[in-house]
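Novice: If you count the sequence shown from 1, you need to add 41 to reach our numbering.
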Amino acid sequence: MTKMEMDASLHSGLIKQLADMRERIEKRLDELLPQEGNERDLVALAMREGTLAPGKRVRPMLLMLAAEGLGYSDRQSDRQSEGASLDLGCAVEMIHAASLVLDDMPCMDNAQLRRGRPTVHLKFGQDVAILAAIALLSRAFGVVAAIKDVPPANRTRIVEILADTVGMQGLVRGQYQDLREGQHSRCAEEIALTNRLKTGVLFGAIMDMAWLISSDDERVRLELQGFATELGAGLSALR
42 MTKMEMDASL HSGLIKQLAD MRERIEKRLD ELLPQEGNER DLVALAMREG TLAPGKRVRP
102 MLLMLAAEGL GYSDRQSDRQ SEGASLDLGC AVEMIHAASL VLDDMPCMDN AQLRRGRPTV
162 HLKFGQDVAI LAAIALLSRA FGVVAAIKDV PPANRTRIVE ILADTVGMQG LVRGQYQDLR
222 EGQHSRCAEE IALTNRLKTG VLFGAIMDMA WLISSDDERV RLELQGFATE LGAGLSALR
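#1: For Gly215, I'd like the list of residues in its chain whose CB is within less than 6 Å of its CB, leaving aside the five on either flank, ordered along the chain.
#2: In or out: Gly124 buried (at least 16 other Cβ within 10 Å) or exposed?
#3: Would you check if the distance between the CB atom of Ile199 and the CB atom of Met135 is smaller than 7 Å?
#4: Is DSSP giving Arg100 helix, strand or coil here?
#5: Using 7 Å as the threshold, is the C-beta distance between Ala173 and Ala87 below it?
#6: Go ahead and pull the three-state DSSP assignment for Arg198.
#7: Just to confirm my understanding: we take Pro159, look at its own chain, exclude 5 residues before and 5 after, and list those with CB closer than 8 Å. What are they?
#8: Within 8 Å, do at least three Cβ pairs link the segment 82-102 to the segment 138-158?
#9: One question on the structure: do Gly91 and Ala138 come within less than 7 Å of each other, judged by their Cβ atoms?
#10: Is Leu238 near the ligand HEM, with its Cβ less than 6 Å from a heavy atom?
#11: Name the two residues that bound the continuous alpha helix (DSSP H) containing Arg156.
#12: Any contact of the segment 107-116 with the segment 254-261, i.e. 3+ C-beta pairs under 8 Å?
#13: Rounded to whole angstroms, how far is the Cβ of Ala132 from the Cβ of Val184, which I believe are closer than 8 Å?
#14: Applying the criterion that 16 or more other CB atoms from any shown protein chain within 10 Å of the CB defines a buried residue, is Asp145 buried or exposed?
#15: Determine the DSSP secondary structure at Leu55, reduced to helix, strand or coil.
Structure (structure tokens):
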């Protein structure tokens, strides 16, 4: 086999791995979210719309790949259901979805489209959109709390990390700074801080969670955090 053929084979294998992983994520999200049992339950429908609308699923895939690279395998879970990295990835995706629902609101970014579809507040109303975002955050923490094959101390630490990521050390602070300061002239450092809070902090949380279920080497954690910082900055620059 030539080098070109080997490269093509590796590329094909990676594409299949990512496609399979994304399919698992979509299936698990569908299982974890409220089911469409009542068409009048608009909050449940809005939760599903905000989360299951076609997306790249970069965040859960990144968590699963990082954990796998550190030696963790969902397939080794001693539970009948899915393992920790998949459920943690789904929790992160719910938090990401909740942040997008709120970011799109008329009082925030006033977006009309998200992922090529009408935003949740346009489809269901602003009241339902707010409730759906809160419910998604609540569900995300519930998913984390229910994970059994992670030591209790590490599970508690993961809850703390996610709480900090959502709150005034992360997404909320970043959105506030963007709304209040985004219309004024800002230096590069101020823009970078806002972008880190809105984007990079969640990637940092993802790397910490992957590390907590896979490793206890602090040097590895620091390297993962460095990667998360660079990734968040790169994605912010593309927006």
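Beta carbons are placed, not taken as given, at the ideal position from N, Cα and C, and that holds for glycine.
Specialist: So, from the data block:
#1: Thr235, Leu238 and Lys239
#2: buried
#3: no
#4: Three-state DSSP puts Arg100 in a helix.
#5: yes
#6: helix
#7: Gln153
#8: By the criterion of at least three beta-carbon pairs nearer than 8 Å, the segment 138-158 is in contact with the segment 82-102.
#9: yes
#10: Ligands in the displayed structure: none, and consequently the ligand HEM is not present.
#11: Here Arg156 belongs to no alpha helix (DSSP H), and DSSP marks it neither H nor E.
#12: At 8 Å Cβ cutoff, the stretches touch.
#13: 4 Å
#14: buried
#15: helix
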